[in-house]
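Please read the structure below before turning to the comments.
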Amino acid sequence: MKENIKKYLGLKVRSLRENAHLTQEELAAVCEVSWRTISNLERGLVVPDLIMLCRIAECFDVGLDDLLDIKISRRKTLARVAEENLLIERIRLIDDKLLDYISEQVDVAVRHFG
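Quick note: the sequence shown uses our numbering, first residue 932, plus one each step.
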């Protein structure tokens, strides 16, 4: 279980960093760690301390609850979780008008495809 948490957090941080167009070096500077630490975090090899978690959350303007959401369904693969996280981060960047349009299209697709 601990390994899944580390991998999930790593995927989440990588997703946030890539969507913000930051390098590992730039995120490392914000967190006051080496780029290798960020690399290891993203690969699920290390668990950050609370201060680093707070710096990451603040950097990407997300709550710790979003960052640490570890409710991984056993039916979902890590690739699926990564794809969902990328989509969520992209949605957060769009304006209200486009969000309304996308929401309507999702409703149509769900009705049609179940």
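Heads up, the beta-carbon is just placed ideally off N, CA and C, and yes, glycines get one too. Please read all numbers here as calculations on a predicted model, not as lab measurements.
Straight-line measurement puts the Cα of leucine 1029 at about 37 Å from the Cα of glutamate 963. A distance below 9 Å separates the beta carbons of leucine 958 and arginine 948.
Excluding its 5 nearest sequence neighbours in each direction, cysteine 990 has C-beta neighbours in its own chain below 6 Å: Val961, listed in chain order.
One thing to note: isoleucine 969 has its Cβ within 9 Å of the Cβ of valine 944. Counting only the Cα atoms, lysine 1007 lies some 24 Å from leucine 984. The three-state secondary structure of glutamate 963, taken from DSSP, is coil. Between glutamate 1020 and glycine 975 the beta-carbon gap is near 19 Å, outside 8 Å, which marks them as no contact.
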